[in-house]
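Engineer:
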Amino acid sequence: MRLLLAEDEKELSKALVIILERNNYSVDAVYDGKEALEYLESNNYDALILDIMMPKMDGITVLKTIRAQGNTIPILLLTAKSEVDDKVSGLDSGANDYLTKPFAAKELVARIRVMTRGQNSAVNATLHAGNITLDLASFELSSPSGSFRLTNKEFQMMEMLMGNPKQLISTERFMERIWGYNSDAEVNVVWVYISYLRKKLSALNANLQIKAARNSGYFLEEQL
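In structure tokens, the structure reads:
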């Protein structure tokens, strides 16, 4: 799952990126409201974490602009303000949730999980394909033969593959969703992680494989 973080306090932003990546999210960070809108227009995100007090354009203005454009992306507001009127203003402007600084890392992750829960089609936060199950809470890939706890990018790739069964996912799509447009990673990094996942599926005696369509991408195929 890919998030956009708009927070002008750079040290806090760096800390939040680390926390979110450790919880298997891909994160792009921006530092003002205008940049947040530009990133949303050119990228595909699953949720936005938006600070209210930002330069160039404040978070409430960003929020109203996003909603006026018909964009329904889940939005969590962050602010040092704790007054009830500010919370009401944010929620009335279209925010999905509101978190006041300072906050615990666990609470932030929990709020994001709840806010984006409706985007997962899996029941009880799991995805199934063949004899393989992916737990979206524990990041475990399992079969009757055992289980592996996937790394951040392994998990995100497997979530995309299992969430879109039999659909071809291009290398560029993986790069966009997991590494982001600003990444210095080479395109062949996708093949490297596909290789890691194939080895894990083999060790789990999976009855499905990650197949490659030459120069196009990858998809899951169940072995009958």
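To convert, note that position 151 of the sequence shown is 306 in the numbering used here; the numbers rise steadily by one, no gaps. Glycine is no exception: its CB is placed at the ideal position from the N, C-alpha and C atoms.
Is the distance from the Cβ of E376 to the Cβ of L363 below 8 Å?
Structural biologist: Yes, these two residues count as a Cβ contact at 8 Å.
Engineer: Which residue wins for smallest C-alpha separation from R268, given the options D252, H283, D247?
Structural biologist: Looking at the Cα atoms, D252 is the closest of the given residues.
Engineer: Quick check: what's the CA-CA separation for S276 versus K321?
Structural biologist: Note that S276 scores a pLDDT of 44, beneath 50, so its modelled location is shaky and nothing firm can be said.
Engineer: Examine the ligand HEM and report whether any of its heavy atoms sits within less than 7 Å of the Cβ of K165.
Structural biologist: Only the bare structure without any ligand can be found here, which leaves the ligand HEM out of the picture.
Engineer: Our contact map puts A161 next to M208 with C-beta atoms below 8 Å; I'd like the distance itself, whole angstroms only.
Structural biologist: Between M208 and A161 the Cβ distance is about 11 Å, and since that is not below 8 Å, they are no contact.
Engineer: Return the CA-CA distance between N179 and D339, expressed in angstroms with no decimal places.
Structural biologist: Straight-line Cα distance between these residues: approximately 19 Å.
Engineer: Would Q311 be called buried (16 or more neighbouring beta carbons within 10 Å of its own) or exposed?
Structural biologist: With 16 or more other Cβ atoms within 10 Å, it is buried.
Engineer: Measure the alpha-carbon distance for Q224 versus K355 and round it to whole angstroms.
Structural biologist: Whole-angstrom Cα-Cα distance: 43 Å.
Engineer: Which parts of the segment 281-328 are runs of the alpha helix (DSSP H), unbroken and 4 residues or longer, counting only runs that do not cross its ends?
Structural biologist: Counting only runs of 4 or more, we get 307-318.
Engineer: Could you please give the first and the last residue of the uninterrupted beta strand (DSSP E) stretch that includes A368?
Structural biologist: Where A368 is concerned, the enclosing beta strand (DSSP E) stretches over 363-368.
Engineer: Please report the distance separating the alpha-carbon of V278 from that of N319.
Structural biologist: Summary for V278: the model assigns pLDDT 40, below 50, so the residue's position carries little reliability; its value from the coordinates is reported in the next sentence. The straight-line gap from Cα to Cα measures roughly 15 Å.
Engineer: Rounded to whole angstroms, how far is the Cβ of I295 from the Cβ of R304, which I believe are closer than 8 Å?
Structural biologist: Contrary to the premise, residue 295 reads as Glu rather than Ile in this sequence. Yes, E295 and R304 are in contact; Cβ-Cβ is about 5 Å, under 8 Å.
Engineer: Would you identify the three-state DSSP class for T216, choosing helix, strand or coil?
Structural biologist: In this structure, T216 counts as helix in the three-state DSSP scheme.
Engineer: Between D213, I174, R222, which lies nearest to E196 when the distance is taken from Cα to Cα?
Structural biologist: The option with the nearest alpha carbon to E196 is R222.
Engineer: I need the straight-line Cα distance from D183 to M156, nearest angstrom please.
Structural biologist: Computed Cα separation, rounded: 12 Å.
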